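S.K.: Here's a structure for you.
There are 2 protein chains.
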Amino acid sequence: MTTIRLHSYFRSSTSVRVRVALALKGLGYDYVAWNLRADEHRSRSYLDINAQGFVPALEMDGLVLTQSLPIIEYLDERFPETPLLPADSAGRARVRSLAAMVASDLHPLNNLRVLRHLESQYGADQASQAAWFRHWTRATLDPLEAVLAQSEHVGRFCHGDQPGLADICLFAQMLNNRRFGVDESAWPTLARIHKACCDLSAFDSARPERQVDAVHR
Amino acid sequence: MTTIRLHSYFRSSTSVRVRVALALKGLGYDYVAWNLRADEHRSRSYLDINAQGFVPALEMDGLVLTQSLPIIEYLDERFPETPLLPADSAGRARVRSLAAMVASDLHPLNNLRVLRHLESQYGADQASQAAWFRHWTRATLDPLEAVLAQSEHVGRFCHGDQPGLADICLFAQMLNNRRFGVDESAWPTLARIHKACCDLSAFDSARPERQVDAVHR
Chain A
1 MTTIRLHSYF RSSTSVRVRV ALALKGLGYD YVAWNLRADE HRSRSYLDIN AQGFVPALEM
61 DGLVLTQSLP IIEYLDERFP ETPLLPADSA GRARVRSLAA MVASDLHPLN NLRVLRHLES
121 QYGADQASQA AWFRHWTRAT LDPLEAVLAQ SEHVGRFCHG DQPGLADICL FAQMLNNRRF
181 GVDESAWPTL ARIHKACCDL SAFDSARPER QVDAVHR
Chain B
1 MTTIRLHSYF RSSTSVRVRV ALALKGLGYD YVAWNLRADE HRSRSYLDIN AQGFVPALEM
61 DGLVLTQSLP IIEYLDERFP ETPLLPADSA GRARVRSLAA MVASDLHPLN NLRVLRHLES
121 QYGADQASQA AWFRHWTRAT LDPLEAVLAQ SEHVGRFCHG DQPGLADICL FAQMLNNRRF
181 GVDESAWPTL ARIHKACCDL SAFDSARPER QVDAVHR
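Heads up: the sequence lines are chains A and B, in that order. FYI, UniProt numbering numbers position 113 of the first sequence as 113, with every residue one higher than the one before it. FYI, UniProt numbering numbers position 18 of the second sequence as 18, with every residue one higher than the one before it.
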């Protein structure tokens, strides 16, 4: 068995995704914490691991893997038991598209560096940043709810009755939403699937507050 | 041979990506134009195709595929000749990560809906929007240049001597950069790879100005 080392920050949404994937695969790993609030990810020692300065990064098989979705695709190819993507191309396209809605259209607009930039460039205060967060969250989760509510492929999870890549992205996003007071009442399907995720220990173990570097406040 | 229908807008960066992939695969398709400047993508008739209201969408095999990278992954699985991803898992992870840097960390921050929102929420004028665009472009392309400049895997293109998913994302982004007056002098490797893409007819044919709905001004 290869040694796996995860570079992570407890609250990072993209780190949550990879932690869930590792847990669903039953893979143990060394946890290396980088404090984003203290800009440790901008340090020379971290930039030598990932020039982009983002967590997560995953070291295994002599590789340094970056970007949460490509990392999860790699894990799924490397450890095909408990698949996180469907076996058929149409199903894979569907799950990847649902995941991309969150990972490409929603999350990048709402992460810490963007909120900080809004503050420095436009003087956006906490309330304005929260409004920005809610705006882009609704812009994606409204159509995501519509897509899932009418899909024949939805089961207990986004695609059938086993959790996968789309659920992982949704779960991490929904955790973030609660920090920004997003009203979830318009998304009953998303809330139901999120609840199904929360009921699984693999998802629960990946929560920010379960990590060794969690700051409780 | 299946009939392929591409829902597109000439200037859409994500549409450019799919057009390049189709051209690299040698696949013909029907082009259905939606005018984003006239909000046609928000019309009922388009939302019935893609509830998210984004182009591109690709109809084939009785499916409606959405999200450019999942669409390209589907095309690559369906038509494995002229692969757009490497044959090995490590190579795929690398190419997907390079693509995600552009597709998840850069482009979502700089598209039309975000620039419009900056204007409506913070009164950002054209100059301020362009500064925003340049800021996030540099934030990703600086480390992308660093990663590629030191990589043993780089050849004529991002991964070896054949174009693939990472080149597709880079090409579309570089076209956008020129519209916003981004200084590319700090990215010689990216410029070299972009030039190699421009020299191929598959990339050239996907340019905005080559499309039937192109508006020249």
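From the three backbone atoms N, C-alpha and C, an ideal C-beta is built for every residue, glycine too. Treat the numbers as computed from the prediction; the structure is a model and nothing was measured.
#1: Alpha carbon to alpha carbon, how far is R96 (chain B) from T140 (chain B)? Give it in angstroms, no decimals.
#2: Would you mind telling me which residues of chain A sit closer than 7 Å to P70 (chain B), beta carbon to beta carbon, in chain order?
#3: One question on the structure: do E109 (chain A) and A166 (chain A) come within less than 8 Å of each other, judged by their Cβ atoms?
#4: Do you know how far the Cα of A202 (chain B) is from the Cα of N176 (chain B)?
#5: Using 10 angstroms around the beta-carbon of E73 (chain A), count the other beta-carbons present and answer buried if the total reaches 16, otherwise exposed.
#6: For R92 (chain B), I'd like the list of residues in its chain whose CB is within less than 8 Å of its CB, leaving aside the five on either flank, ordered along the chain.
#7: In chain order, which continuous runs of the alpha helix (DSSP H) of length 4 or greater are located wholly inside the UniProt domain "GST C-terminal" (88–217) of chain B?
#8: Pull up the DSSP beta-bridge partners for A51 (chain A), would you.
#9: Rounded to whole angstroms, what is the Cα-Cα separation between T66 (chain A) and D213 (chain A)?
#10: Report yes or no: do three or more beta-carbon pairs, one from the region 187–195 of chain B and one from the region 138–153 of chain B, lie closer than 8 Å?
#11: Compute the beta-carbon to beta-carbon distance between L47 (chain A) and S12 (chain A), rounded to the nearest angstrom, for a pair I have assumed lies under 8 Å.
#12: With a 10 Å radius around its C-beta and 16 neighbouring C-beta atoms as the bar for buried, classify R179 (chain B) as buried or exposed.
#13: By DSSP's criteria, D30 (chain B) is part of a beta bridge. Which residues make up the other side?
#14: So what does V64 (chain B) bridge to, in DSSP terms?
#15: Taking buried to mean at least 16 other C-beta atoms within 10 Å of its own C-beta, is G164 (chain B) buried or exposed?
#16: Since A51 (chain B) and A146 (chain A) should fall inside the 8 Å C-beta cutoff, what is the C-beta to C-beta distance between them, to a whole number of angstroms?
#17: How far does the alpha helix (DSSP H) with R37 (chain A) in it extend, from its first residue to its last?
#18: I want to see whether chain A comes within less than 8 Å of Q52 (chain B), judged by CB atoms only; does it?
#19: The alpha helix (DSSP H) spanning S15 (chain B) covers which residue range?
#20: Take the Cβ of L112 (chain A) as the centre, count every other Cβ of all protein chains shown within 10 Å, and call the residue buried at 16 or more, exposed below.
#21: Thinking C-alpha only, which one of A:T14, A:F10 and A:V18 is nearest I4 (chain A)?
#22: Applying a beta-carbon distance threshold of less than 8 Å, which residues of chain A neighbour E77 (chain B)?
#23: Can you check whether the C-beta of E73 (chain B) is within less than 8 Å of a C-beta belonging to chain A?
#24: Grab me the residues of E40 (chain A)'s own chain with a C-beta within less than 8 Å of its C-beta, minus the 5 sequence neighbours each way, in chain order.
#25: Are A196 (chain B) and F133 (chain B) closer than 8 Å when you measure CB to CB?
#26: Within the same chain, show all residues whose beta-carbon is closer than 8 Å to that of D204 (chain B), passing over the 5 residues directly before and after it, in chain order.
#27: Answer with yes or no whether the minimum CB distance from L65 (chain A) to chain B is below 8 Å.
#28: Can you check whether the CB of T137 (chain B) is closer than 8 Å to the CB of L106 (chain B)?
#29: Nearest to Q162 (chain A) by alpha carbon, out of A:Y29, A:Q173 and A:E81?
#30: Between the alpha carbons of R94 (chain B) and V20 (chain A), how many angstroms are there, rounded?
#31: Looking at chain B, which residues of the region 203–215 of chain A have a Cβ within less than 7 Å of any of its Cβ atoms?
#32: Among the candidates A:A131, A:R44, A:Y9 and A:G123, whose CA atom is the shortest distance from the CA of D183 (chain A)?
#33: Would DSSP call E77 (chain B) helix, strand or coil?
#34: List, in chain order, every chain B residue whose beta-carbon is nearer than 8 Å to that of L109 (chain A).
M.R.: From the atom records:
#1: 15 Å
#2: A93, R96, S97 and A100
#3: One point to set straight first is that residue 109 (chain A) is Leu, not Glu, in the sequence displayed. No, Cβ-Cβ distance for L109 (chain A) and A166 (chain A) is not below 8 Å.
#4: 18 Å
#5: buried
#6: L85 and P86
#7: 89–100, 107–110, 112–122, 126–149, 165–179, 188–198 and 201–204
#8: The partner list for A51 (chain A) (beta bridge, DSSP) is empty, contrary to what the question assumes.
#9: 20 Å
#10: yes
#11: Between S12 (chain A) and L47 (chain A) the Cβ distance is about 17 Å, and since that is not below 8 Å, they are no contact.
#12: exposed
#13: B:R5
#14: B:E59
#15: buried
#16: 5 Å
#17: Per DSSP, R37 (chain A) belongs to no alpha helix (DSSP H) and is neither H nor E.
#18: yes
#19: S13 to L24
#20: exposed
#21: A:V18
#22: S89 and R92
#23: yes
#24: W34 and Y46
#25: no
#26: C198 and R210
#27: yes
#28: yes
#29: A:E81
#30: 21 Å
#31: none
#32: A:A131
#33: helix
#34: P108, L109 and V114
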